[in-house]
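Notes to accompany the following structure.
Below you can see the structure in the form of structure tokens.
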């Protein structure tokens with residue numbers, strides 16, 4: 389089954405692939421992108437899972453107004469996690485596997501720390517427990533609120549991709565188009581969320597078996613971030629892949645790692 393849904397105004401824009409009866413897998417994207425960042429993984433994952441991908445507020449098909457408060461400095465990763473739980477609840481999904489890239493991974497980490505009963509297995513791709521000092525994120529948020537995302541377009545390929553020529557591929561162009569079309573208020577609110585995000589002291593509370601995928605050429609969240617996640621999570625394991633920050637250069641390797649992790653001991657499916 390494939391379903392692309394934007395009808396429910398209180399829910400994140402999402403797409404569902406795979407059998408309704410299969411174990412659920414929620415997938416979150418990186419800042420500035422959309423659910424398209426997972427396009428290469430979905431065909432294989434949807435053979436075994438009910439894959440629910442979603443867009444961040446202000447990105448793709450999700451309106452910024454879904455956030456409780458998008459004014460400067462107000463948004464948190466917890467706000468994003470609450471929207472993901474609303475989405476799971478709308479489908480009657482009590483317990484799910486979760487995979488996320490960068491900010492999408494931070495949302496999964498927050499869920500696994502604060503709602504451990506909901507997360508059966510976790511995969512964190514090119515993500516972190518702390519994305520650096522708040523100042524640069526606040527500055528980026530202010531810039532985008534003032535000038536939109538256009539000033540970011542020239543520097544993003546070198547941050548997102550191991551090979552900047554990836555920006556010239558169909559997927560690369562689509563992801564950069566996501567950035568260009570992102571609502572400045574929603575993008576800036578997500579920057580605010582990253583500014584305040586720090587779960588380094590909460591990692592030990594994660595009970596879900598966790599796969600951490602680190603990109604060997606990731607300049608946004610270098611391998612030290614992946615190592616910190618894997619070391620801090622009790623059942624965390626680290627896999628490295630020769631990719632940049634969005635992990636799109638080696639789709640087969642990322643897909644294989646996810647499938648192996650999700651199949652290990654089975655993925656629990658519970659609905660309300």
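In this note's numbering, the protein residues as written are 389 to 660.
No residue lacks a Cβ here, since even glycine has one placed at the ideal position from N, Cα and C.
Count the CB pairs spanning the segment 599 to 607 and the segment 557 to 568 that are closer than 8 angstroms, and state whether there are at least three.
no
DSSP on residue 486, reduced to helix/strand/coil?
If you number the chain shown from 1, residue 486 lands on position 98. Here residue 486 sits in strand by DSSP.
With a Cβ-Cβ cutoff of 8 angstroms, do residue 581 and residue 463 count as a contact?
Numbered from 1 along the chain shown, position 193 holds the residue referred to as residue 581. Numbered from 1 along the chain shown, position 75 holds the residue referred to as residue 463. Yes. Within cutoff.
Assign residue 597 to buried or exposed, taking buried as 16 or more other Cβ atoms, counted over all protein chains shown, within 10 Å of its Cβ.
Taking the chain shown and counting its residues from 1, one reaches residue 597 at position 209. It is buried - the Cβ of residue 597 has at least 16 other Cβ atoms within 10 Å.
How about the segment 586 to 597 and the segment 608 to 626: do they share at least three Cβ pairs that are nearer than 8 angstroms?
yes
Check this for me: beta carbons of residue 609 and residue 515, under 8 angstroms apart or not?
As a working mapping, residue 609 is identified with position 221 in the chain shown. As a working mapping, residue 515 is identified with position 127 in the chain shown. Taking 8 angstroms as the Cβ cut-off, residue 609 and residue 515 qualify as a contacting pair.
Nearest-angstrom beta carbon gap, residue 415 and residue 443 [assumed within contact, 8 angstroms]:
The sequence position of residue 443 within the chain shown is 55, counting from 1. The sequence position of residue 415 within the chain shown is 27, counting from 1. Wrong, their Cβ atoms sit about 11 angstroms apart, outside the cutoff.
Between the segment 529 to 537 and the segment 427 to 440, are three or more C-beta pairs nearer than 8 angstroms?
no
When you compare each of 517, 439, 471, 586 to residue 600 by their alpha carbons, which one comes out closest?
Numbered from 1 along the chain shown, position 212 holds the residue referred to as residue 600. Nearest option by C-alpha distance: 517.
Classification of residue 488 by the beta-carbon crowding that lies within 10 angstroms, buried from 16 upward:
Working through the chain shown from its first residue, we reach residue 488 at position 100. Classification of residue 488: buried, given that the 10 Å Cβ count is 16 or more.
Do you know how far the Cα of residue 637 is from the Cα of residue 540?
On the chain shown, position 152 is the one that residue 540 refers to. On the chain shown, position 249 is the one that residue 637 refers to. Roughly 21 angstroms separates the two Cα atoms.
N-terminal and C-terminal residue of the beta strand (DSSP E) that residue 402 is part of
By one-based count along the chain shown, residue 402 stands at place 14. From DSSP, the beta strand (DSSP E) with residue 402 extends over 402 to 405.
Reduced DSSP secondary structure (H/G/I, E/B, other) of residue 349
Since the first residue shown for the chain is 389 and the last is 660, residue 349 is missing from the structure and cannot be characterised.
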